[in-house]
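Asks: Each residue of the sequence shown is one higher than the one before, counting from 248 in our numbering.
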Amino acid sequence: MVEQRIDGQPALAEDLGQFVLSNYGAFTSMVVEDGAVRGLDLHLARLEAEALELFGQAVPEAVLRTRMRQALAGRAGLFGLRVNLFSPQISLRQPSAVVTPRVLTTLSAAPSALDRPIRVQTQVYAREMAHLKHNATLGLTLARRRAQAAGFEDALFVGADGLISEGSVWNLGLIQGETVVWPQAPQLAGTSMALIRRGLEGQGMATVTRPVFLAELPEFDGAFFCNATTPACAIMAIDGCEYSEDLKILARLSEAWRSNPCQMI
248 MVEQRIDGQP ALAEDLGQFV LSNYGAFTSM VVEDGAVRGL DLHLARLEAE ALELFGQAVP
308 EAVLRTRMRQ ALAGRAGLFG LRVNLFSPQI SLRQPSAVVT PRVLTTLSAA PSALDRPIRV
368 QTQVYAREMA HLKHNATLGL TLARRRAQAA GFEDALFVGA DGLISEGSVW NLGLIQGETV
428 VWPQAPQLAG TSMALIRRGL EGQGMATVTR PVFLAELPEF DGAFFCNATT PACAIMAIDG
488 CEYSEDLKIL ARLSEAWRSN PCQMI
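(1) Pick out the complete beta strand (DSSP E) segments inside the segment 298-355, 3 residues or longer, and give them in chain order.
(2) To which residues does DSSP link GLU413 through a beta bridge?
(3) Can you look up SER439 in the DSSP assignment and give me helix, strand or coil?
(4) When DSSP builds the beta bridges, which residues end up paired with SER276?
(5) DSSP on VAL455, reduced to helix/strand/coil?
(6) Could you check how far apart the C-beta atoms of LEU351 and GLU297 are, in whole angstroms? I think they sit under 8 Å.
(7) Compute the Euclidean distance between the alpha carbons of ALA283 and LEU354, then round it to the nearest angstrom.
(8) Is ALA503 near GLY424, with beta carbons less than 8 Å apart?
(9) Strictly by DSSP, which residues pair up with ILE485?
(10) Quick one: does the C-beta of ARG363 sit closer than 7 Å to a heavy atom of the ligand FAD?
(11) In terms of alpha-carbon separation, which member of THR313, LEU301, GLY469 and ILE496 lies closest to GLN450?
(12) Can we say the segment 305-323 touches the segment 454-473, given the rule of at least three CB pairs closer than 8 Å?
(13) Decide yes or no for the touch test of the segment 287-301 against the segment 428-446: beta carbon pairs closer than 8 Å, at least 3 of them.
(14) What separation, rounded to the nearest whole angstrom, lies between the Cα atoms of PRO342 and SER269?
(15) For VAL310, I'd like the list of residues in its chain whose CB is within less than 8 Å of its CB, leaving aside the five on either flank, ordered along the chain.
(16) Can you check which of these residues, ALA498, ALA390, SER359 and GLY324, is closest to ASP281 by C-alpha distance?
(17) Among all the DSSP beta bridges, which residues are the ones paired with PRO430?
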């Protein structure tokens with residue numbers, strides 16, 4: 248099932264056409280559990296920052312919550328919810344409008360978390376405006392396509408200087424003893440990464456954010472990725488650097504993520 252609404256009303260073909268013809272916009276994606284979301288505050292903060300940077304005006308939080316509740320229509324259960332911000336008033340020919348963006352909600356069945364270790368290929372690439380979760384996905388889709396053609400499941404981005412940043416649609420965590428190391432580089436600050444960090448603080452487990460270079464990868468004990476649908480999944484190899492698939496710390500990472508209470512929309 249997929250249901251789309253624009254500003255709370257069923258999406259019309261004309262309105263969706265305006266959305267499809269331009270990739271100027273941004274979004275956030277989340278898993279809804281009985282009307283609540285882990286890290287809802289992070290998603291709302293992301294939408295506000297995106298709107299201010301791209302459109303000059305934010306959608307009031309109360310309105311965003313209303314649009315999300317309208318998408319759910321009172322239904323309980325597990326769902327995937329994507330909230331897009333866009334405006335037909337901004338185009339390549341007329342880019343300067345300051346406007347409150349329209350809100351497109353897409354409700355679907357909840358995506359399954361990936362629960363098997365993966366192999367990733369490093370590629371020299373950086374997303375444009377990497378701090379935003381924006382609609383321009385050609386580069387990262389092509390990166391995944393190339394990685395899979397080479398026998399890997401996904402792509403990990405590296406700068407021309409060898410500095411590791413992020414995966415195609417996920418953040419990378421590296422394990423060094425009892426410490427989680429997050430690469431410091433231009434990237435999207437993922438909500439699951441933030442929730443894991445919050446939870447690990449409660450466990451007294453150390454986390455460090457620092458520059459990590461490609462040449463350092465053999466020095467780590469393990470690697471994992473996280474995103475909105477998968478709290479923590481092992482990476483068994485980055486290029487030819489092999490890691491253990493049996494990361495006992497993964498259970499702690501998942502528990503750290505779960506320790507964040509769901510917040511009602």
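From the three backbone atoms N, C-alpha and C, an ideal C-beta is built for every residue, glycine too.
Replies: Walking through what the data contain:
(1) 325-333
(2) Residue pairing by DSSP places GLU413 opposite no residue, since no beta bridge is assigned to it.
(3) Looking at SER439 - three-state DSSP - the assignment turns out to be helix.
(4) ARG329
(5) strand
(6) About 13 Å separates the Cβ atoms of LEU351 and GLU297, ruling out a contact at the 8 Å cut-off.
(7) Rounded to the nearest angstrom, the two C-alpha atoms are 14 Å apart.
(8) no
(9) VAL367 and CYS488
(10) This structure lacks the ligand FAD; in fact it carries no ligand of any kind.
(11) Taking only the C-alpha atoms, the option nearest GLN450 is ILE496.
(12) no
(13) Yes, they touch.
(14) 12 Å
(15) VAL350
(16) If we check each option's Cα against that of ASP281, GLY324 comes out closest.
(17) DSSP lists ARG457 as the bridge partner or partners of PRO430.
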